[in-house]
Amino acid sequence: MNIRTLITSMAILAVVPYAASGTFTLTGSDFLAVTSYHTQGGLYDDSLADIQPGGSVGQLSVHDNSNVILSGGSVNQLSAYDNSGVLLSGGSIGQLSASQSSIVTISDGFISELYADGISTVHLSGGSATELSAYGSSTVNISGGAVTVYLGGWEASEIELTGGAIAYLDAGDFSWTTFYGYGWSATSGLSIVGDQLFGTGWLSGFWADGTSWNTEIGWNDDTATIRLVESSAPPVIPAPSAIFLAAMGVSMVGCLHRRHAL
Numbered sequence: 439m440n441i442r443t444l445i446t447s448m449a450i451l452a453v454v455p456y457a458a459s460g461t462f463t464l465t466g467s468d469f470l471a472v473t474s475y476h477t478q479g480g481l482y483d484d485s486l487a488d489i490q491p492g493g494s495v496g497q498l499s500v501h502d503n504s505n506v507i508l509s510g511g512s513v514n515q516l517s518a519y520d521n522s523g524v525l526l527s528g529g530s531i532g533q534l535s536a537s538q539s540s541i542v543t544i545s546d547g548f549i550s551e552l553y554a555d556g557i558s559t560v561h562l563s564g565g566s567a568t569e570l571s572a573y574g575s576s577t578v579n580i581s582g583g584a585v586t587v588y589l590g591g592w593e594a595s596e597i598e599l600t601g602g603a604i605a606y607l608d609a610g611d612f613s614w615t616t617f618y619g620y621g622w623s624a625t626s627g628l629s630i631v632g633d634q635l636f637g638t639g640w641l642s643g644f645w646a647d648g649t650s651w652n653t654e655i656g657w658n659d660d661t662a663t664i665r666l667v668e669s670s671a672p673p674v675i676p677a678p679s680a681i682f683l684a685a686m687g688v689s690m691v692g693c694l695h696r697r698h699a700l
């Protein structure tokens, strides 16, 4: 199915005819554009919400196969469960907790605290997060953007780094962290043995596109693994869920369909 067909099929989502209220709940194939403040919201089944400029939600939870887009506006506390998805292409999130098989895709905007657990996946290609912590068997792919204060891999999580700016890294428990690039340089306290990094200190290098970077390794457990993989081109990272691309299409073509906004 091509993207045009996906967008067309998403456009038939039921529009929720709510009047402005303190809370909202979406079920089935409901679609909602949020353009004002709400204290709480919940998404279930295959529903979709777009938090647009001027819209904000205090607490928002997404379940089942539902998806939320932030094209602007803000969410103070967001929790993603099951096979749900979160796409941040603008605006901000105070705290985001991703668990189970949820997927978080960040192409722009800002997150203060992001926690990945279970077998969740985070894709960061733009925008920034102040703190990003991975637990369980979660996967974090960073190809751009920035983690400005703290990146941590714990338990059996996996972090793949092909770009972006990482200020600080903790590698704990049985986590795996892989830097893809070249031209490695380590300060005293760090040792590069084969393709692995031991100890703590400052690590610098170049991404495959030639961009230079510096990262402080503040914690490096003996049971954790930090690998340095020579790469002249970044590895293939799984593309964000097609539902996100389709959902963005809904936002763009939404003006062609009569709908209500909160």
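Sequential numbering of the sequence shown, starting at 439, is according to the numbering used here.
The C-beta atom is built at its ideal place from N, Cα and C for all residues, glycine as well.
Bear in mind that the values here come from a model prediction, so they are computed numbers and not experimental data.
Check: What does DSSP give as the partner residues of Tyr519 in its beta bridges?
Finding: Against the sequence shown, residue 519 aligns to sequence position 81. According to DSSP, which records beta bridges pairwise, Tyr519 is partnered with nothing at all.
Notebook entry, point to check: Would DSSP call Glu593 helix, strand or coil?
Noted result: Counted from its first residue, the sequence shown places residue 593 at position 155. Here Glu593 sits in coil by DSSP.
Next item on the list: Provide the residue span of the beta strand (DSSP E) that contains Gly637, from first to last.
Entry: Working through the sequence shown from its first residue, we reach residue 637 at position 199. First-last of the beta strand (DSSP E) with Gly637: Gln634 to Gly637.
Notebook entry, point to check: Taking the alpha-carbon positions, what's the Gly627 to Leu635 distance?
Noted result: Working through the sequence shown from its first residue, we reach residue 627 at position 189. Working through the sequence shown from its first residue, we reach residue 635 at position 197. Each residue's alpha carbon lies about 10 Å from the other.
Next item on the list: Indicate the three-state DSSP secondary structure (helix, strand or coil) for Trp645 in the structure shown.
Entry: Counting from one through the sequence shown, the residue named residue 645 turns up at place 207. It is coil, neither helix nor strand.
Item checked: Inter-residue Cα distance where the pair is Ser575 and Gly556 -> Numbered from 1 along the sequence shown, position 137 holds the residue referred to as residue 575. Numbered from 1 along the sequence shown, position 118 holds the residue referred to as residue 556. Their backbone Cα atoms lie some 6 Å apart in a straight line.
Margin query: Classify Gly510: buried if its beta carbon has 16 or more other beta carbons within 10 angstroms, exposed otherwise.
Written below: Taking the first residue of the sequence shown as position 1, residue 510 is located at position 72. Buried, because 16 or more other Cβ atoms sit within 10 Å of the Cβ of Gly510.
Notebook entry, point to check: Where Trp657 and Tyr618 are concerned, what is the direct C-alpha to C-alpha distance, given to the nearest angstrom?
Noted result: Here residue 657 refers to the residue found at position 219 of the sequence shown. Here residue 618 refers to the residue found at position 180 of the sequence shown. Using only the alpha carbons, I get a separation of about 20 Å.
Margin query: Here's the rule: buried if 16 or more other CB atoms are within 10 angstroms of the residue's CB, otherwise exposed. What is Val560?
Written below: Residue numbering aside, residue 560 sits at position 122 when the sequence shown is read from its first letter. Val560 is buried by the Cβ-count criterion.
Check: Who does Phe548 pair with in a DSSP beta bridge?
Finding: The sequence position of residue 548 within the sequence shown is 110, counting from 1. Answer is Ser530 and Ser566, bridged to Phe548.
Notebook entry, point to check: Should Asn652 go down as buried or exposed, given a rule of 16 or more other Cβ atoms within 10 Å for buried?
Noted result: As a working mapping, residue 652 is identified with position 214 in the sequence shown. Classification for Asn652: exposed.
Next item on the list: Note down the Cα distance separating Leu516 from Ile531, rounded to an integer number of angstroms.
Entry: For this step, residue 516 is matched to residue 78 along the sequence shown. For this step, residue 531 is matched to residue 93 along the sequence shown. Rounded to whole angstroms, Leu516 to Ile531 spans 7 Å at the Cα level.
Note to self: Taking the alpha carbon of Gly466 as the reference point, which residue from Gly583, Asn579 and Ala487 has its own alpha carbon closest?
What the structure shows: Start at 1 with the first residue of the sequence shown, and residue 466 comes out as number 28. That would be Ala487, whose Cα lies nearest to the Cα of Gly466.
Checklist line | Ala466 - DSSP class collapsed to helix/strand/coil | finding: As a working note, residue 466 is residue 28 in the sequence shown. Reading off the sequence shown, one finds Gly at residue 466, where the question assumed Ala. It is coil, neither helix nor strand.
Next item on the list: Would you kindly work out how many angstroms separate the C-alpha atoms of Gly639 and Gly564, rounded to a whole number?
Entry: On the sequence shown, residue 639 is found 201 positions in, with the first residue counted as 1. On the sequence shown, residue 564 is found 126 positions in, with the first residue counted as 1. If I take the Cα positions, the gap works out to 26 Å.
Check: What number of angstroms, rounded off, separates the C-alpha of Tyr620 from the C-alpha of Leu641?
Finding: To locate residue 620, count along the sequence shown from 1; it is residue 182. To locate residue 641, count along the sequence shown from 1; it is residue 203. Distance between the alpha carbons of Tyr620 and Leu641 is about 12 Å.
Item checked: Distance between Gly643 and Val631 (C-alpha atoms, nearest Å) -> One-based indexing of the sequence shown puts residue 631 at position 193. One-based indexing of the sequence shown puts residue 643 at position 205. Their backbone Cα atoms lie some 16 Å apart in a straight line.
Note to self: Do Asn505 and Leu526 have their beta-carbon atoms positioned less than 9 Å apart in this structure?
What the structure shows: Within the sequence shown, residue 526 is the residue found at index 88, counting from 1. Within the sequence shown, residue 505 is the residue found at index 67, counting from 1. No, these two residues do not count as a Cβ contact at 9 Å.
Checklist line | Buried/exposed call for Asp468, threshold 16 Cβ in 10 Å | finding: Counting from 1 along the sequence shown, the entry for residue 468 is found at position 30. So Asp468 counts as buried.
Note to self: As a quick exercise: from Leu470, Thr543, Ala536 and Ser499, pick the residue whose alpha carbon is nearest that of Ala572.
What the structure shows: Taking the first residue of the sequence shown as 1, we reach residue 572 at position 134. The shortest C-alpha separation from Ala572 is found at Ala536.
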